[in-house]
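One structure is given here, and the rest of the page talks about it.
In structure tokens, the structure reads:
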């Protein structure tokens, strides 16, 4: 979206202004933007809402750390000569994170920053008398969808969370907050999503492509209820997504991710990026996922290597069934060097598309798509009554597109395993794996699965470690690590924040 970063910068400045109470700071210059002169018109509120979308770009660009990298799906292209990111990034892969892990602090701070901007915009929207009720409700629905989404992420990452629903006008107040129980956080999430479902439109004009709709809110609602083990309510929400008759599976898996086919019929919500220019809206995240030490064989630009992060694991690669058409679209098991040698370093293909300017790809990022809804529906049905014809149909529709045989005749437990497998393959690298594992496995089952994966990686690493051996604590997953630690920097300024057990 054009001007998103500019608007985001304005929002951050206004948020800082709102925390100042001295008289001389409250005097407004009528020629400049300020809290008192902004948020008055529909156009200004729209700019503020677009700014919220803009902040999502940065959060999504780093979400892989906490959803794919921390799981059994991806690892790193090990560089024994560069251990600079070991504390902040590699620690997540090896389950060595602690309360001083910088990437966790950055994510925590960014999430609460956007929640602060959402609350400010909601408050100012309530005072904007020049905007009609219908338009107000749509803006409020968008904002409350995002607040629900971010609080859902916080509960998945940290468990209990600080609930803030009003603008923070006094900085000292921010140092007094306490974490609320998960149940209270979910009460807010449910309320916000109820409003979003009721007020958001079924579709938006092509000029507003990428904005959330009723289907987006219903999809998150279904995911939330599934996470809470209320399978009846989950199915009710997800059935409504199907009944909207707005979404469908695309004929081919490849077409979903084609930059020339953005916001397609399978897309329920995707983060908008714009490449091929210098507007600052490109999706450069894929460069982080390319192998190191290349000379452009993978990036397409001479001498340009990748970051070596989010590399598909041996375990994931072996999980693909023979003949699965999704495999070559999703990943490559290596590349051919300039000298003609095959280099067995896997990498993600799903978001690798030709682009004209180095570092300026044009890929959007899928957050929710229709295949996810169908698989969640199958899961909700199975958990209620075991596999039914309807549940099999949802899964087999996806398998058919992948060129695979239909499944049938399974027990409830077998079908549960089959759905988790199908989600892993269908949604690979789309930031679902960690949440899926936490939702569908008990803590002991998750610990066993990850430690078995860790043993396999230690015995046969996906990428060579050269002369550096694993440390004693690498790939040892403990039950408390199901939740991330509250950043110590946050606890230093606010002693009321209790740390998660084990850290």
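Numbering (my numbering), first residue to last: 2 to 504.
Where is the CB? At the ideal position from N, CA and C, for every residue including glycine.
Counterpart residues of residue i in DSSP-defined beta bridges
i           : result
residue 271 : 367
residue 337 : 343
residue 332 : 349
residue 313 : 75
residue 180 : 163
Residue burial classification, residue i (beta-carbon count within 10 angstroms, cutoff 16)
i           : result
residue 351 : buried
residue 423 : buried
residue 284 : buried
residue 142 : buried
residue 503 : exposed
residue 482 : buried
residue 449 : exposed
residue 1   : Any answer about residue 1 is impossible in this case: the structure gives the chain only from 2 up to 504.
residue 487 : buried
residue 25  : Unreliable positioning characterises residue 25 in this predicted model, as indicated by a pLDDT of 30, which lies under 50. The coordinate reading is nonetheless provided below. With fewer than 16 other Cβ atoms within 10 Å, it is exposed.
residue 110 : exposed
residue 342 : exposed
residue 90  : buried
residue 362 : buried
residue 1   : Nothing can be reported for residue 1, as the shown portion of the chain is limited to 2 through 504.
residue 128 : exposed
residue 203 : exposed
residue 28  : Bear in mind that a pLDDT of 44 at residue 28, under 50, signals an unreliable position, so the model cannot answer this.
residue 156 : buried
residue 329 : exposed
residue 130 : exposed
residue 82  : exposed
residue 179 : exposed
residue 494 : exposed
residue 230 : exposed
residue 92  : buried
Within 8 Å, strictly: CB atoms of residue i and residue j
i           : j           : result
residue 144 : residue 166 : no
residue 117 : residue 50  : no
residue 485 : residue 105 : yes
residue 1   : residue 348 : Residue 1 lies beyond the residue range present for the chain, which begins at 2 and ends at 504; the question has no answer from this structure.
residue 242 : residue 344 : no
residue 545 : residue 215 : The structure shown does not extend to residue 545, since the chain is modelled only from 2 through 504, so no value can be given for it.
residue 463 : residue 337 : no
residue 475 : residue 86  : no
residue 218 : residue 226 : no
residue 1   : residue 372 : For residue 1 there is no data in the structure shown, the boundaries of the chain being 2 and 504.
residue 73  : residue 317 : yes
residue 381 : residue 236 : yes
residue 280 : residue 398 : no
residue 461 : residue 75  : no
residue 276 : residue 291 : no
residue 376 : residue 346 : no
residue 115 : residue 56  : yes
residue 405 : residue 322 : yes
residue 368 : residue 272 : yes
residue 101 : residue 489 : yes
residue 210 : residue 264 : yes
residue 121 : residue 151 : no
residue 436 : residue 68  : yes
residue 221 : residue 201 : no
residue 70  : residue 43  : no
Residue range of the unbroken alpha helix (DSSP H) whose run includes residue i
i           : result
residue 55  : 43-62
residue 393 : 390-402
residue 68  : 65-68
residue 441 : 434-441
residue 445 : 444-460
residue 421 : 413-427
residue 493 : 489-494
Chain C within 8 Å of residue i, Cβ atoms only
i           : result
residue 369 : This model lacks chain C altogether; it includes just one protein chain.
Unbroken stretches of the alpha helix (DSSP H), 4 residues or longer, contained in the segment 72-129: Within the segment 72-129, the complete alpha helix (DSSP H) runs of at least 4 residues are 103-128.
List in chain order: all unbroken beta strand (DSSP E) runs of 3+ residues lying wholly within the segment 205-293. Runs found: 268-272.
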